[in-house]
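Okay, structure first, notes after.
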Amino acid sequence: MKVGPWRAGPERRAWSQGAGQTPRKRDRAGAEPQLPAAPALPGGKMVARRRKRAARDPEDCIPSPPGYAAIPIKFSEKQQASHYLYVRAHGVRQGTKSTWPQKRTLFVLNVPPYCTEESLSRLLSSCGLVQSVELQEKPDLAESPKESRSKFFHPKPVPGFQVAYVVFQKPSGVSAALALKGPLLVSTESHPVKSGIHKWISDYADSVPDPEALRVEVDTFMEAYDQKIAEEEAKAKEEEGVPDEEGWVKVTRRGRRPVLPRTEAASLRVLERERRKRARKELLNFYAWQHRESKMERKPRPAHPQAPRPWPQPWMRPLARAPDSGH
Amino acid sequence: MMGPAPAGEQLCGAIGEPEVMEPALEGTGKEGKKTSSRKRTLAEPPAKGLLQPVKLSRAELYKEPTNEELNHLRETEILFHSSLLRLQVEELLKEVRLSEKKKDRIDAFLREVNQRVVRVPSVPETELTDQAWLPAGVRVPLHQVPYAVKGCFRFLPPAQVTVVGSYLLGTCIRPDINVDVALTMPREILQDKDGLNQRYFRKRALYLAHLAHHLAQDPLFGSVCFSYTNGCHLKPSLLLRPRGKDERLVTVRLHPCPPPDFFRPCRLLPTKNNVRSAWYRGQSPAGDGSPEPPTPHYNTWVLQDTALESHLQLLSTMLGSAQGLKDGVALLKVWLRQRELDKGQGGFTGFLVSMLVVFLVSTHKIHTTMSGYQVLRRVLQFLATTDLTVNGISLCLSSDPSLPALADFHQAFSVVFLDSSGRLNLCADVTASTYHQVQYEARLSMTLLDSRADDGFQLLLMTPKPMIRAFDHVLHLHPLSRLQAACHRLKLWPELQDNGGDYVSAALGPLTTLLEQGLGTRLKLLAHSRPPVPEAAKFRQFWGFRSELRRFQDGAIREAVVWEAASMSQKRLIPHQVVTHLLALHTDIPETCVHYVGGPLDALIQGLKQTSSTGEEALAVAVCCYDDLSRLLWGLEGLPLTVSAVQGAHPVLRYTEVFPPTPVRPASSFYEPLQERSSLLPRLDKPCPAYVEPMTVVCHLEGSGQWPQDAEAVQRVRAAFQLRLAELLTQQHGLQCRATATHTDVLKDGFVFRIRVAYQREPQILKEVQSPEGMISLRDTPASLHLERDTRQLPLLTSALHGLQQQHPAFSGVARLAKRWVRAQLLGEDFTDESLDLVAAALFLHPEPFTPPSSPQVGFLRFLYLVSTFDWKNNPLIVNLNNELTVEEQVEIRSGFLAARTQLPVMVIVTPQDRKHSVWTQDGPSAQILQQLVVLAAEALPMLEKQLMDPRGPGDIRTVFRPPLDIYDVLIRLSPRHIPRHRQAVDSPAASFCRGLLSQPGPSSLMPVLGYDPPQLYLMQLREAFGDLALFFYDQHGGEVIGVLWKPTSFQPQPFKASSTKGRMVMSRGGELVMVPNVEAILEDFAVLGEGLVQTVEARSERWTV
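Chains E and L are the protein sequences, given in the same order. For the first sequence, my numbering begins at 9 and goes up steadily by one. For the second sequence, my numbering begins at 43 and goes up steadily by one.
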């Protein structure tokens, strides 16, 4: 296997490679085939490929990208061909924090759509006790706060090929998983996985909502929200008119003298008003340099841009900062 | 109900098949086909790429104009509408005019023809009835009945061969150049009294037969065949075409004519008889001494032959020196040709138009210095305002008392336009209905020219207007011989005698008047009513046994005819009933001979059980139910905020859902009941239940400052509203409801509505972005755009199209048929429902040069034409709903479009509510898919038109709705058991699975299974998992197959990337590790993901290997 420069730090390089990628882009115009007559690629190679594989010793190691191990995975015994999971130990650069524990976490690429968290956990339990399995659409970078998402307001998306983070209880589980030969079977007699009509019917049953649960969730959320708003208001009230250590006073919308909200539109309006005011006051042909300039204007412009005029910028009121919800 | 043109016109083209060709020695049937295809290329926009303004250097831009340019500009100002129009007109003229090079070649060919014609050997004199001298296999191009006639014939080479007609004037237009050549027969051939009893015509035909026999042996000619000028069957002419590559260059038409001054004009006046009844009918006219009936048409045909040269002289003196007039004639010919008015029996030919220009010049309505465009305008103006059927015109200046009066001509002919001799009616062959059609078209064109908004030139001269696309209903009569009986029934013997036994032209006039009378006022749906006595008797006679006395609501008792029509589609077809009834009653043409093409396409949008209706009624029922629901919502008590507006946002509520919903009555045994949530669930052991799509309704609440200003919190409050809404509707109105976080489903009278509460400020909250400095700015995000589209733009569009349906009852049918077709071609997924509705709406709002369609069939044909010819790259499709956009705004939109073209989607549809972004085509189609649709439409249109014009021909009307499957790489066949809409398929299966519906309302009031469509769920999974690698195509209306097309670019081997491993595998290729799609596993995944639904996965190509 040719590895080359990867050797030096396979994990780090691979990680930055994968992680640096922007999420999957759908290039519509470019990527789609010519419909009326798709370019005919030379046929017949498929057969060649099949033959090559047949000729290969089954025990021969399956090609895998550097740093990864490949594990064949199939839906059930009936299938002939298999997909390949590409797995490696999860690791991040020094100093970066990660949601998943170093050393104990297995990073899995190319998880087929029919493979659920439970079945992945079951398949890998032979390597050691599995603590948790998380399926995601794409590998994520730094630590992201995992808040529990409501099933009513954020329904689960339709799964495609995913990546998984499998956390074992012991680091030995990771190394055992890297040595797995497979092929893994997602659906077996003892643990069938639903697909097709079965899955759709059960999905439909799950999608029929329970109004009571929904009501409870809305009420708790709104209670928390109202509380948060009330707290913020109370805090703002407290700070009203109290100067900080440098002597600045915070002005808010809810204070005794409310100010404009700090939006882009409002600031544009203020700027525009200022500009108009200045244009009214300004004499355009007063100074000698203005004369000169207005003559220059009539001629073609000089190649280099004019130096900014020594004119004071419009004085701006220091607008108050609205209480920030984050802090 | 009918198209605005007089109803009778539909008939003329259908009965009088254009230019009855009788192949003499070699068949040429291709002529007509070639014409249309060439014409289409003419009409196509010339630009291939994106149009860009020409870049001029600064010096060139500000150069002072030359003298020539100044003159040009002044001319444009005086003579043309705008300089763009001038450029367009000049370009068109360049296109249709003959080039000098071709003229030379034609001249050479004409010289050859001349030489050969004068060298044809002569034949000794024989009796006219003795035709044994003609070689075997040569047929005389004349219907010789009765055969016996006096006179002798001998062949002598023509005394003179002259080119006549438009070729010499330089007004003939491409394609199809015809050169008319007059052969003057030597005086020795003719005898006195040859004008009588068709003798002249018999000799003329024999003359041509002999000529044809000799010329056909000549290798110079590619084809030699007979044709009938203007469909006049007594007057054959011989068509010659060069052999080899020039075959399509020119057609030379040989017309034999008598020597000058042979016939005495006074014998050929319209009041005279030249075909004796004794000879023609074998019986003397009734012994009471009544005079012989006049034979005006017969006389005219003889006269026409004598006047060929004088007409040419007149034309060349009047038009010869004025280029503007010639241009005008050429433009008029293009105008006529695009409307198919110059073709067929009694067409309004280019010659007539030239004569009309001469007339207008002689009456000083046109000046010789006018430009071609002005001539076109004047002539159209004249045609639009003058009725030649009432007030004939004459080129004759002399006031000779021996000349007949115009009134005599009006008695004999329907359209009167006399030539300079005052004896020949140039419009003798033009039927009244053709003339009315010309007038009607001229009027339409004048309004088009006067309106500034549209590109008049394009619509006036570049858009073909074939009959099938212009008329709502077309009537075919077959076999034509039935008309013979009709002639006898209508007592048309004098006409037959006049027309030489041509029963088609004899019966045409009376038939069209009959139908016009029957259909003319077909605007009321139920009946014709006329005041009683004495008209009642006439009325009863006209309508026969169908007439009955009825008492009307206003108390009047009248004679009336009742036509049964329960539904919209049947009402559209009442003219069919009228026509068959009248034809059977008055002309003995039985129903089996009448082929009425009005609604064969209706079958495609008919529901399963309603074969008599195209669904307008079912849609109206659903809309009614929606109105009731919105009333309930308005009056709902107990909501924290009252309902301020209820708006529909579903295709059903704008009448464009292909298959209208039916009330659901689920059979409880078929489902798994979920009692605690009062819902039904599909069962594994049963086939998939019926598909019920909830109709989306957007519900706006009154404004309030109490809403939270945080997106997540707004969602929660909305959910609380949805819950409360469900509660209140159940409490106050006893409706079955089910609330979710985003919507509330309501079951009302078997229809399911999905109510979405909308908060006006929510899109704005979603747009808010806070910068690090705390500045709040508004930026469009996908979520905000989506919400805005669903809650603001969609309801607006729905109500606008709902209004359109009220104005044009055929809109629903057209939009649904169009959508049905696009989906049947498996492209439905790429075009949003709304975008197709808007394209259909454009046909009604911008119908020029047609009038808005009144039947789904004609609207669908125009949809195909629009899709296949519209230049999406360089033009936005402006759909001016409610006429809100002014002309200036449209111009602004167009210029804005050109400036921003690269950022806009492939297909841009602009409405007054959406002037910049084209929201409905933002997410598709891609350029390739649109191209595919254009190709398919261009294929389907001629095929469908051919089938509709020939209803008895082979082929099925559904052919154009069947998609080509051979382009797909993989076909996934689905099991009909789990396709809930299986019966909606184009080729509807005779039997399908039970879908768990009762015919009577059942006891169950549980919420039916909503939106459960396994093929759609399956497709969603496929697209999510393999969207990077392949495209999936499916017809949601009962398709049994999913077409898969691999994307070639994603099959290129790629280096390993952690983010793009989906469905791929690593392979070592030439020592390097690359990623390729794991096709074998993917093919098996297709089957795994669709377990139970998928029957087979057929890999049909090996294109995936790389």
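Ideal Cβ placement from N, Cα and C applies to all residues, glycine included.
Identity of the residue in the options nearest residue i by Cα
i: P335 of chain L; options: L:G1113, L:D540, L:L361, L:R419; result: L:D540
i: P219 of chain E; options: L:V206, L:G747, L:C779, L:L262; result: L:C779
i: P851 of chain L; options: L:E658, L:N341, L:G1134; result: L:E658
i: D288 of chain L; options: L:S265, L:L280, L:P298; result: L:S265
i: H117 of chain L; options: L:M412, L:L723, L:L771, L:R614; result: The amino acid occupying residue 117 of chain L in the given sequence is Glu; His does not appear at that position. The shortest C-alpha separation from E117 of chain L is found at L:M412.
i: S72 of chain E; options: L:R1111, L:F1128, L:Q1137, L:A320; result: L:R1111
i: E1114 of chain L; options: L:P1095, L:H828, L:Q964; result: L:P1095
i: N239 of chain L; options: L:T874, L:G212, L:R323; result: L:R323
i: T823 of chain L; options: L:M1117, L:G816, L:W749, L:I807; result: L:I807
i: Y1060 of chain L; options: L:A1033, L:H1024, L:L1016, L:H618; result: L:L1016
i: T698 of chain L; options: L:A662, L:P682, L:V685, L:L678; result: L:A662
i: E404 of chain E; options: E:K111, E:V174, E:V95; result: Any property of residue 404 of chain E remains undetermined from this structure, which presents chain E solely from 9 to 335.
Within chain E, partners of residue i - CB distance below 8 Å
i: T782 of chain L; result: F160, P217, L222
i: Q757 of chain L; result: F161
Between the CA atoms of residue j and residue i - distance to the nearest angstrom
i: L310 of chain L; j: D218 of chain L; result: 33 Å
i: K159 of chain E; j: C123 of chain E; result: 20 Å
i: E241 of chain E; j: R1037 of chain L; result: 58 Å
i: M1062 of chain L; j: D1077 of chain L; result: 14 Å
i: L291 of chain E; j: S275 of chain E; result: 26 Å
i: Q481 of chain L; j: Q380 of chain L; result: 15 Å
i: C194 of chain L; j: L525 of chain L; result: 34 Å
i: T171 of chain L; j: V182 of chain L; result: 12 Å
i: A470 of chain L; j: S547 of chain L; result: 12 Å
i: Y415 of chain L; j: D497 of chain L; result: 15 Å
i: A89 of chain E; j: P191 of chain E; result: 10 Å
i: E111 of chain L; j: S125 of chain L; result: 12 Å
i: E1133 of chain L; j: R1023 of chain L; result: 19 Å
i: T1001 of chain L; j: Q757 of chain L; result: 49 Å
Contacts that residue i makes with chain L (C-beta to C-beta distance below 9 Å)
i: P120 of chain E; result: A1067, G1105, A1123, D1127, V1130
i: A78 of chain E; result: M1107, V1108
Own chain residues within Cβ distance below 6 Å of residue i, not counting five before or after
i: L222 of chain E; result: F160
i: P251 of chain E; result: V257
i: V171 of chain E; result: L117, Q144, P147
Closer than 7 Å at the beta carbon, the chain E residues around residue i
i: H959 of chain L; result: Result: empty, since nearest Cβ-Cβ is about 17 Å, beyond 7 Å.
Beta-carbon proximity list for residue i, same chain, < 7 Å, skipping 5 on both sides
i: F305 of chain L; result: G237, V344, T348
i: K1025 of chain L; result: According to the sequence shown, residue 1025 of chain L is Arg rather than Lys. Result list for R1025 of chain L: L650, P1031, S1034, G1080, in chain order.
Amino acids of chain L, ordered along the chain, whose beta-carbon sits closer than 7 Å to that of residue i
i: A185 of chain E; result: Here the premise fails: no neighbours, minimum Cβ distance about 17 Å.
i: E241 of chain E; result: Here the premise fails: no neighbours, minimum Cβ distance about 13 Å.
Cβ-based neighbour list, residue i, same chain, cut-off 8 Å, excluding 5 preceding and 5 following
i: L1125 of chain L; result: V1012, V1139, A1141
i: S302 of chain E; result: L292, N293
Chain-ordered neighbours of residue i on chain L, where CB pairs are closer than 8 Å
i: H206 of chain E; result: L726, E1133, G1134
**OP:** Give a yes or no on contact between the region 450-468 of chain L and the region 419-438 of chain L, applying the rule of three or more CB pairs nearer than 8 Å.
**Re:** yes
Original post:
Using 8 Å as the Cβ pair cut-off and three pairs as the minimum, do the region 617-629 of chain L and the region 665-677 of chain L touch?
Top reply: no
**OP:** Give a yes or no on contact between the region 1040-1056 of chain L and the region 828-836 of chain L, applying the rule of three or more CB pairs nearer than 8 Å.
**Re:** no
**OP:** Could you tell me whether the region 160-175 of chain L touches the region 293-305 of chain L, where touching means 3 or more Cβ pairs closer than 8 Å?
**Re:** No: fewer than three Cβ pairs fall under 8 Å.
Original post:
Are the region 123-132 of chain L and the region 198-210 of chain L touching by the rule of at least three beta carbon pairs closer than 8 Å?
Top reply: no
**OP:** Taking 8 Å as the threshold, find out whether the region 886-895 of chain L comes into contact with the region 942-959 of chain L through three or more Cβ pairs.
**Re:** No contact exists between the region 886-895 of chain L and the region 942-959 of chain L.
**OP:** Tell me, please, whether the region 865-875 of chain L touches the region 916-923 of chain L by the rule of three or more beta-carbon pairs shorter than 8 Å.
**Re:** As far as the Cβ criterion goes, the region 865-875 of chain L does not touch the region 916-923 of chain L, which means the pair count is below three.
Original post:
Can we say the region 1067-1076 of chain L touches the region 1085-1102 of chain L, given the rule of at least three CB pairs closer than 8 Å?
Top reply: Segments in contact, yes.
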